[in-house]
Amino acid sequence: MATNRTFTMIKPDAVEAGNIGGILNMITEAGFKIVSLKLTQLTTADAQAFYAVHNARPFFGELVEFMTRGPIVAAILEKDNAVEAFRTLIGATNPADAAEGTIRKKYAKSIGENAVHGSDSDENAAIEGAFHFAGREQF
Ligand code: GDP
């Protein structure tokens, strides 16, 4: 069953490049309501835990280093069928494959430095949202 919430991060590459405003604007223009929002920075342990599913992949070390190198923006978003709708809005993992009009097409630099994260299931959206926000921060 579709939930109405998903979780996103604006990744360090996009924060460094000054694209927080542009990306949040694409998100709200697409009809998502922001229900939680913060600028924060992942520790190495945070990034290793968040991406634990990828810990056997050859790019895992690179991914953890990238995700901890500067601040990120974490947010919980609300919209009907939020997980699927947001995956469509962000586009393919590799910006070379991302469709026109997607966030990654506009802002991602490479398959690794790809500007945004979007949860891939309702279950992970709930886990990832709770990783970053206390219940009283979820409006
Ligand atoms: P997503 O769900 O579209 O974010 O993609 P995945 O779950 O497959 O991968 C998680 C994240 O790992 C991606 O968003 C990238 O930041 C990173 N990643 C995936 N594939 C590669 C790769 O081949 N090289 C590097 N350096 N990073 C990758």
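The numbering of the sequence shown is the working numbering, which starts it at 933 and goes up by one. Cβ atoms here follow ideal geometry from the backbone N, Cα and C, with glycine treated the same way.
Closest to residue i by C-alpha separation, out of the options, would be which residue?
i	options	result
Arg937	His1064, Phe1063, Ser1053	Ser1053
Glu1060	Ala1047, Val985, Met958	Val985
Ser1042	Thr1025, Glu1055, His1049, Tyr983	Thr1025
Glu997	Ser968, Asp1012, Ala977, His1049	Ala977
First and last residue of the beta strand (DSSP E) that includes residue i?
i	result
Leu971	965 to 972
I'd like to confirm the pairing. Which residues does DSSP put opposite residue i in its beta bridges?
i	result
Thr940	Ala1007, Gly1050
Please find out if some non-hydrogen atom of ligand 3 comes closer than 7 Å to the beta-carbon of residue i.
i	result
Thr1025	You won't find ligand 3 in this model; what it holds is ligand 1.
Under 8 Å Cβ to Cβ from residue i, same chain only, skipping five residues before and after it: list those, please.
i	result
Lys1037	Gly1023, Pro1027, Ala1030, Ala1031
Going by DSSP, what residue range makes up the alpha helix (DSSP H) through residue i?
i	result
Met1038	Note on identity: in this sequence residue 1038 is Lys, with Met being the wrong assignment. Element bounds for Lys1038: 1035 to 1039.
Arg1019	1014 to 1022
Glu994	992 to 1000
Which same chain residues end up closer than 7 Å to residue i when comparing Cβ atoms and leaving out the 5 residues on each side of it in sequence?
i	result
Ala1007	Thr940, Ile966, Ser968, Leu969
Quick one: residues in its chain with C-beta nearer than 6 Å to the C-beta of residue i, no 5 flanking neighbours on either side, listed in chain order?
i	result
Met958	Ile1035
Val1015	Thr938, Ser1051, Asp1054, Ala1057
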